[in-house]
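K.L.:
Sequential numbering of the sequence shown, starting at 7, is according to this note's numbering.
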Amino acid sequence: MSEETKREEHLISELHVRNYMLLEFRKLNLHLKRIEHHLERIAIPPATLDYQDPDAVKKATKTISGTRKVSSGQVDQG
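This is the structure:
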């Protein structure tokens, strides 16, 4: 096998790997978009929340993963 043929095969192989990685990235991106859409659908509208009740605020800011955002913008394990 000539050196040029080996190089061409290596480039083809590298192209296949990159195409596979791109396909996987697109699948993950689509999955992320679905999750974002779901989170938007289940969000509680601010007008329905009683901000005077600390427990209501705490419950409303909980996320599916069990974490919540605190006023400082950091994530607090809830």
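Beta carbons: idealized from backbone N, C-alpha and C, even for Gly.
Distance, Cα to Cα, D61 vs K39?
P.N.:
Taking the straight line joining both Cα atoms gives about 30 Å.
K.L.:
Report the three-state DSSP secondary structure of G84 (helix, strand or coil).
P.N.:
Its pLDDT being 45, under 50, G84 is placed unreliably in this model, and the coordinates cannot settle the point.
K.L.:
Look at the alpha carbon of R13 and the alpha carbon of L34, and state the distance between them as a whole number of angstroms.
P.N.:
Straight-line Cα distance between these residues: approximately 32 Å.
K.L.:
Out of curiosity, what's the CA-to-CA distance linking L45 and I18?
P.N.:
So the two alpha carbons sit approximately 41 Å from each other.
K.L.:
Would you tell me roughly how many angstroms separate the C-alpha atoms of D3 and E42, rounded to the nearest one?
P.N.:
Since the first and last residues shown for the chain are 7 and 84, residue 3 lies out of range.
K.L.:
What are the boundary residues of the alpha helix (DSSP H) that S19 is part of?
P.N.:
That run of the alpha helix (DSSP H) goes E9 to I48.
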